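Using the numbering used here, read the sequence shown as starting at 2 and increasing by one per residue.
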Amino acid sequence: ATLVRRIQCGVVVPPSRPELLTRAIRDAYEGRLDLAAMGRRAREYALAEATREIAHKRYRAVLGEVVGTKA
Numbered sequence: 002a003t004l005v006r007r008i009q010c011g012v013v014v015p016p017s018r019p020e021l022l023t024r025a026i027r028d029a030y031e032g033r034l035d036l037a038a039m040g041r042r043a044r045e046y047a048l049a050e051a052t053r054e055i056a057h058k059r060y061r062a063v064l065g066e067v068v069g070t071k072a
């Protein structure tokens, strides 16, 4: 939810609030949400922050911290 809000790539609805989920779906269906822009932001984030190479580099850095060496 934090990431979705931060990069504005979707809608976050709290649990146990079906009326808010209904509203979000209706807003999307009726064009009150810019779904194309949300999709672009999600793709830009994925390409910049979530590639396999980036994930591997971050994972190695964390492992390096755990074992006390530089990865």
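Just so it is clear, CB atoms sit at the ideal spot from N, CA and C, and this is done for glycine as well.
All values reported here derive from a predicted model rather than from experimental measurement.
Going along the chain, which residues of its own chain have a beta-carbon closer than 7 Å to the beta-carbon of residue i, five neighbours each way excluded?
i	result
R42	I8, Q9, C10
G69	none
Can you tell me where the alpha helix (DSSP H) holding residue i begins and where it ends?
i	result
D28	19–30
A5	First, the amino acid is wrong: residue 5 is Val here, not Ala. Where V5 is concerned, the enclosing alpha helix (DSSP H) stretches over 3–8.
L48	36–50
G11	Taken as a continuous stretch (DSSP letters only), G11 belongs to no alpha helix (DSSP H), as it is neither H nor E.
R53	53–68
Residues in its own chain within less than 8 Å of residue i by CB, not counting five upstream and five downstream?
i	result
V14	L21, L22, A25
Could you name the residues of the same chain whose beta carbon sits closer than 6 Å to that of residue i, not counting the 5 residues immediately before and after it, in chain order?
i	result
L34	D28
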